[in-house]
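For the sequence shown, our numbering assigns the number 1911 to the last residue and increments by one with no breaks.
Here's the structure we're looking at; comments come further down.
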Amino acid sequence: MSTDTSANRTWQTLSTQADSMATLNQLFSQQSNRGSQYRVAACDMIMDFSKQKIDEAVLNNLITLANERELGQQIRRLMTGEIVNDTEHRPALHTALRQPQGEQVWVEGINVIEQVHTSLQKAEKLVERIRNGVWRGYSGQAITDVVNIGVGGSDLGPVMATTALKEWTDTAINVHFVSNMDGTQLDSLLKVLNPQTTLFIISSKSFSTIDTLSNAKTAMSWLLASHDNKATILRRHFIGISTKADKMSEWGIHVDNQLMLWDWVGGRFSMWSVIGLAIAIKIGMHNFYELLAGAYEMDRHFATADFAQNMPVLLGLLGVWNSTFLHINAHTVLPYDGRLSFFPNYLTQLEMESNGKSVNRQGEAVTYSTCPILWGDIGSNAQHAFYQLLHQGTQAVSCDFIAPIKRYADAQTINKNLLEQHGLSLANCLAQSQVLAFGNAAIKDSNNGMDKFKHYRGNQPSTTILLKQLTPRTLGSLIALYEHKVFVMSVIWQINPFDQWGVEVGKVMANAVFDALVSTQELSPQQAQPFDSSTNQLLNTIKTTFAS
């Protein structure tokens, strides 16, 4: 924690308040207007946080702590290109990816906004050629299927967005995603795709990620089995996206098919860049720009709104309050809309890879809880799965409920039952947050929980986010809301949310283990080198099985 005296004092005050915090039933009985008091709106969204375990004193102290941590200055540093990624000595300028043309953000004497739009314009030309049937495969046929090969941020963002925005699809081109290192996804696809009409996008910031390149190598072999001119295959069937032009060229990606990233784009923040090419192919470049516009709208709100009415700031402060002060170390995201089925997966990486840290910016071990374990699912599915734990388990869990207010605007021309189904979904969303908050007190004729097997303890905090409607623009705002939430939490915790050394160590170790796996040398289960006795024994078992 900071040595700043005032921040320490506020921190201690919040700790004391957490120890004596009233229950949600008590808070609502004390404040009849909580539903209107703890509510903010921005970017065609409403955020109700009245079911969080806070009162006015706690909220004021959280905002005071944000000011003492100089959150306003840190937001400015983030958005103007200052070095906020300390360990890698670079900016984190994902907000620059969605700024309009003509804006200026300077990094080392270069206006990066110009670079961003140059890259987007090249992507737009590729998108138009693919969608209009101008791009042809080696046999002269138009592309019918696009396969995005990536992992982590190069996969999760595009998968999530194309699923959420499938109603905005106006092309017959199919877009697929491959991320698994073991080849399962790719193998299933290659059995049904036509090599003459399939285009692969290799998305890798470093262009050295083994997961991605192993899949790309298999894709190349599959294409060469049907056409033996490698130069033609590379020119007609591969696009590369990376920060490393030299590595793309070395692999064989034609310079006309290379789209550039920059080191200051974190992988999990990169879907706004040309990493979103698969999104643009699916929904069109116009809708992709709408996605960017929605994120930019949330950026402006985050940068200018007073903290007491600032949606990302409040969401981040509530996250800190729950995890660090109330010791609620599990958080679930529950969208009541099937189109957002991959949104919890996306947030799992965004939050846990960013803030899953135990060392602060000064290299000191933190003495408090940081990022909670995060998971989620479509709310209606989750109700029949892990809601049992939420309602009657022993774990405290905070929840985010997300739902669009309007849906099926054209229901009168298709099936009005869909409108009823959407209403049922919204009703379930609101009902579940009530029972989680108030337990048996929320249920009429519940006998006040006297039946021990039907006792619902309540007091599980939640936030409800309602979108006016799920569109490319509101989806952009929603994603940016959570990006900024992550940054707010990191500032309070004084950790760097933009590195991921815990990810990197596994990659390095895997290379050494792979070398041992393909070696003919048997490993002694007892020896300390090259690995521990367990790993040595497991490697020998695998090698013996392979050989038999």
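Note that the Cβ used here is the ideal one computed from N, Cα and C, for glycine as well.
So is residue i in contact with chain B if we call contact Cβ pairs under 9 Å?
i     : result
E1433 : Here there is only one protein chain, and chain B is not present.
Between the alpha carbons of residue i and residue j, how many angstroms are there, rounded?
i     : j     : result
T1730 : E1419 : 27 Å
G1546 : S1896 : 29 Å
T1560 : W1738 : 37 Å
T1907 : N1899 : 12 Å
L1597 : E1487 : 20 Å
T1652 : A1873 : According to the sequence shown, residue 1652 is Tyr rather than Thr. Those two C-alpha atoms are separated by around 39 Å.
G1726 : V1447 : 15 Å
T1534 : K1645 : 7 Å
A1666 : I1476 : 18 Å
I1604 : G1520 : 15 Å
G1500 : S1743 : 42 Å
L1562 : G1630 : 22 Å
Y1401 : E1433 : 24 Å
L1576 : Q1464 : 33 Å
W1614 : Y1845 : 36 Å
V1876 : M1583 : 26 Å
Helix, strand or coil for residue i? Go by DSSP, reduced to three states.
i     : result
T1898 : helix
G1444 : coil
L1861 : Before going on, a small fix: residue 1861 reads as Phe here, not Leu. Note: F1861 maps to coil in three-state DSSP.
I1806 : coil
G1726 : coil
T1450 : coil
Q1621 : strand
T1366 : Note on T1366: pLDDT 45, under 50, position unreliable in the model; no value is reported.
G1520 : helix
R1599 : helix
S1612 : helix
N1708 : helix
F1570 : coil
L1737 : strand
W1374 : helix
F1749 : coil
N1903 : helix
Could you check whether residue j and residue i sit closer than 9 Å to each other, using their CB atoms as the reference points?
i     : j     : result
V1538 : Q1548 : no
L1654 : L1838 : yes
Q1746 : Q1823 : no
A1658 : A1790 : no
W1635 : L1460 : yes
L1830 : I1765 : yes
N1708 : S1853 : no
Q1857 : N1723 : yes
E1660 : V1866 : no
K1593 : F1570 : no
G1513 : I1565 : yes
L1677 : F1412 : yes
D1662 : Q1437 : no
W1498 : L1428 : no
A1421 : Q1672 : The residue you asked about is not Ala; residue 1421 is Val in the sequence shown. Not a contact, by the Cβ cut-off of 9 Å.
A1527 : R1702 : yes
Find the nearest neighbour of residue i within the set the options, judged by alpha-carbon distance.
i     : options                       : result
R1820 : R1402, Q1758 and P1860        : Q1758
H1305 : F1665, L1753, H1747 and Y1652 : Because residue 1305 is not part of the residues shown, which for the chain are 1364 to 1911, the question remains open.
K1414 : K1580, M1872, C1762 and L1441 : C1762
A1804 : R1372, S1378 and N1388        : N1388
K1485 : G1802, I1602 and M1715        : I1602
K1817 : P1835, T1827, I1828 and V1798 : V1798
A1381 : Q1884, F1688 and S1517        : F1688
T1458 : F1632, G1701, N1685 and S1517 : F1632
E1714 : A1505, F1850 and V1497        : F1850
G1516 : I1438, G1639, W1864 and F1749 : G1639
N1650 : R1372, A1524 and W1864        : A1524
R1770 : L1428, Y1699, D1411 and V1490 : Y1699
L1624 : F1749, R1494, T1481 and N1543 : T1481
I1768 : T1450, H1785 and I1691        : H1785
Could you tell me the boundaries of the alpha helix (DSSP H) in which residue i lies?
i     : result
H1649 : M1648 to T1667
W1635 : Premise fails: W1635 is in no alpha helix (DSSP H) and is neither H nor E.
D1537 : Just to set this straight, residue 1537 is Asn in the shown sequence, not Asp. From DSSP, N1537 is part of no alpha helix (DSSP H) but of the beta strand (DSSP E) over N1537 to V1541.
S1788 : N1780 to F1801
L1844 : P1835 to W1856
I1417 : That residue, I1417, is in no alpha helix (DSSP H); it is neither H nor E in DSSP.
S1482 : V1475 to R1494
Could you give the first and the last residue of the continuous beta strand (DSSP E) run that contains residue i?
i     : result
N1511 : D1508 to I1512
A1404 : R1402 to A1405
H1694 : A1693 to P1698
A1772 : It is not in any beta strand (DSSP E) - A1772 carries neither H nor E in the DSSP assignment.
M1408 : M1408 to D1411
L1689 : Taken as a continuous stretch (DSSP letters only), L1689 belongs to no beta strand (DSSP E), as it is neither H nor E.
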